[in-house]
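Enquirer: What the sequence shown shows, in the numbering used here, is residues 139 to 246, in sequence order. Even glycine gets a Cβ: it sits at the ideal position worked out from N, Cα and C.
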Amino acid sequence: MVLKGQSVFIGWSSISDAPGNQTFIANYRAKYGIEPEPWAAQSYVTLHVLANAIKAAQSADSTAIRDALAETKDFPTILGDFSFNPDGDALYDQIVLVVKDGAFQVLE
139 MVLKGQSVFI GWSSISDAPG NQTFIANYRA KYGIEPEPWA AQSYVTLHVL
189 ANAIKAAQSA DSTAIRDALA ETKDFPTILG DFSFNPDGDA LYDQIVLVVK
239 DGAFQVLE
(Lines of atoms letter the chains of each structure in order from A and count residues from 1; the text may use other names and numbers.)
(Lines give C-alpha, C1' and ligand atoms only; values in the text may rest on other atoms or scores of the structure.)
Protein backbone atom coordinates (compact mmCIF):
# COMPACT_ATOMS: atom_id res chain seq x y z
CA MET A 1 0.00 0.00 0.00
CA VAL A 2 1.29 3.44 -0.94
CA LEU A 3 0.32 6.21 1.46
CA LYS A 4 0.14 9.89 0.58
CA GLY A 5 3.29 11.65 1.74
CA GLN A 6 5.18 8.40 2.36
CA SER A 7 8.94 8.70 1.83
CA VAL A 8 11.44 6.00 0.88
CA PHE A 9 15.25 6.13 0.72
CA ILE A 10 16.64 3.79 -1.95
CA GLY A 11 19.87 3.22 -3.86
CA TRP A 12 18.31 2.88 -7.32
CA SER A 13 15.00 3.67 -8.96
CA SER A 14 13.67 3.27 -12.47
CA ILE A 15 12.59 6.91 -12.34
CA SER A 16 16.11 8.16 -11.60
CA ASP A 17 17.53 10.60 -14.14
CA ALA A 18 21.13 9.41 -13.62
CA PRO A 19 22.97 9.26 -16.97
CA GLY A 20 22.50 5.89 -18.65
CA ASN A 21 19.72 4.74 -16.32
CA GLN A 22 16.93 4.80 -18.89
CA THR A 23 19.17 3.05 -21.43
CA PHE A 24 19.94 0.35 -18.84
CA ILE A 25 16.20 -0.13 -18.25
CA ALA A 26 15.38 -0.33 -21.96
CA ASN A 27 18.19 -2.82 -22.59
CA TYR A 28 17.15 -4.93 -19.58
CA ARG A 29 13.52 -5.02 -20.75
CA ALA A 30 14.61 -5.98 -24.28
CA LYS A 31 16.84 -8.80 -23.07
CA TYR A 32 14.74 -10.27 -20.23
CA GLY A 33 11.19 -9.08 -20.98
CA ILE A 34 10.68 -7.77 -17.43
CA GLU A 35 11.36 -4.63 -15.43
CA PRO A 36 14.74 -4.53 -13.67
CA GLU A 37 14.76 -4.83 -9.89
CA PRO A 38 17.12 -2.76 -7.73
CA TRP A 39 19.43 -5.79 -7.32
CA ALA A 40 19.85 -6.02 -11.09
CA ALA A 41 20.84 -2.36 -11.28
CA GLN A 42 23.25 -2.64 -8.34
CA SER A 43 24.82 -5.79 -9.83
CA TYR A 44 25.20 -3.98 -13.16
CA VAL A 45 27.02 -1.14 -11.40
CA THR A 46 29.18 -3.56 -9.43
CA LEU A 47 30.48 -5.16 -12.61
CA HIS A 48 31.19 -1.78 -14.21
CA VAL A 49 33.06 -0.56 -11.12
CA LEU A 50 35.08 -3.80 -11.02
CA ALA A 51 35.85 -3.67 -14.76
CA ASN A 52 37.01 -0.08 -14.36
CA ALA A 53 39.31 -1.09 -11.48
CA ILE A 54 40.78 -3.98 -13.48
CA LYS A 55 41.42 -1.60 -16.37
CA ALA A 56 43.00 0.97 -14.05
CA ALA A 57 45.14 -1.70 -12.35
CA GLN A 58 46.26 -3.03 -15.74
CA SER A 59 46.56 -6.35 -13.96
CA ALA A 60 44.59 -9.38 -12.82
CA ASP A 61 46.48 -9.34 -9.52
CA SER A 62 43.98 -9.14 -6.64
CA THR A 63 46.07 -6.65 -4.66
CA ALA A 64 46.38 -4.31 -7.65
CA ILE A 65 42.62 -4.56 -8.27
CA ARG A 66 41.87 -3.93 -4.58
CA ASP A 67 44.09 -0.84 -4.65
CA ALA A 68 42.43 0.41 -7.85
CA LEU A 69 38.98 -0.11 -6.32
CA ALA A 70 40.05 1.93 -3.30
CA GLU A 71 41.03 4.75 -5.66
CA THR A 72 37.63 4.79 -7.38
CA LYS A 73 36.34 8.35 -7.20
CA ASP A 74 33.31 9.87 -8.93
CA PHE A 75 33.00 7.01 -11.43
CA PRO A 76 29.83 7.65 -13.48
CA THR A 77 27.19 4.91 -13.05
CA ILE A 78 23.42 4.52 -13.25
CA LEU A 79 23.43 5.09 -9.48
CA GLY A 80 25.14 8.43 -10.01
CA ASP A 81 28.82 9.20 -9.37
CA PHE A 82 30.34 6.30 -7.43
CA SER A 83 33.27 6.38 -5.01
CA PHE A 84 34.68 4.41 -2.10
CA ASN A 85 35.47 6.11 1.20
CA PRO A 86 38.65 5.24 3.17
CA ASP A 87 36.75 2.50 5.04
CA GLY A 88 35.76 0.84 1.74
CA ASP A 89 32.11 1.87 1.92
CA ALA A 90 30.38 2.69 -1.36
CA LEU A 91 29.37 6.32 -1.80
CA TYR A 92 26.73 7.44 -4.28
CA ASP A 93 23.64 9.61 -4.16
CA GLN A 94 20.75 7.90 -2.46
CA ILE A 95 17.36 8.61 -3.98
CA VAL A 96 14.48 9.87 -1.88
CA LEU A 97 11.05 9.02 -3.24
CA VAL A 98 7.84 10.55 -1.97
CA VAL A 99 4.26 9.70 -2.82
CA LYS A 100 2.60 12.44 -4.84
CA ASP A 101 -0.55 12.09 -6.91
CA GLY A 102 -0.74 8.40 -5.95
CA ALA A 103 2.70 7.42 -7.23
CA PHE A 104 6.32 7.57 -6.11
CA GLN A 105 8.24 10.57 -7.43
CA VAL A 106 11.80 11.70 -6.81
CA LEU A 107 11.89 14.25 -4.03
CA GLU A 108 13.47 17.43 -5.35
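Enumerate in chain order the residues of its own chain whose CB-to-CB distance from residue 186 is below 7 Å, with the five nearest sequence positions on each side excluded.
Expert: Hits under 7 Å: 215.
Enquirer: Just verifying my parser: in three-state terms, what is the DSSP assignment at residue 174?
Expert: Here residue 174 sits in coil by DSSP.
Enquirer: List the DSSP bridge partners of residue 221.
Expert: DSSP lists 229 as partners of residue 221.
Enquirer: What does the alpha-carbon distance come out to for the pair residue 193 and residue 202?
Expert: So the alpha carbons of these two residues sit roughly 10 Å apart.
Enquirer: If I follow the unbroken beta strand (DSSP E) through residue 215, where does it start and stop?
Expert: Residue 215 -> beta strand (DSSP E) spans 213-215.
Enquirer: Do the region 172-179 and the region 198-213 make contact, defined as three or more Cβ pairs closer than 8 Å?
Expert: No, they do not touch.
Enquirer: State the CB to CB distance for the pair residue 220 and residue 183, rounded to an integer number of angstroms; the pair is presumed to be in contact (CB under 8 Å).
Expert: That pair is a contact at about 7 Å.
Enquirer: Excluding the 5 residues flanking residue 159 on each side, which residues of the same chain have their C-beta closer than 6 Å to its C-beta?
Expert: Cβ within range, chain order: 216.
Enquirer: On a CA-only basis, which of 210, 208, 153, 162 is nearest residue 181? Give me that one, please.
Expert: Among 210, 208, 153, 162, the Cα nearest to that of residue 181 belongs to 162.
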